[in-house]
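This report refers to the structure that appears directly beneath it.
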């Protein structure tokens, strides 16, 4: 059982532009990805427009 992972804390940084995650003590995060969350600035007036108050991921960048 040489592949046993030690009990090491995970660090998650929920930044406003980029989310980073890794293990405590590492110099750099193991993964980084863009944080895409948005809210509409104005009330939707077009018929057939996307409905909702919060958009996440691909729906945000349409």
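In my numbering, the protein residues as written are 3 to 64. A virtual CB, placed ideally from N, CA and C, is assigned to each residue, including glycine. Predicted model, so just to flag it, every value in this text is computed and none were measured.
Three-state class that DSSP yields for residue 9 in the structure shown: DSSP, read as helix, strand or coil, puts residue 9 in coil.
CA-to-CA distance, residue 33 to residue 17, given in whole angstroms: 13 Å
For residue 35, three-class secondary structure by DSSP: Shown here, residue 35 sits in a strand according to DSSP, grouped into three states.
Beta-ladder partner(s) of residue 24, from DSSP: By DSSP's assignment, residue 24 forms a beta bridge with 13.
When 9, 13, 8 are compared against residue 29, the one with the closest alpha-carbon: 13
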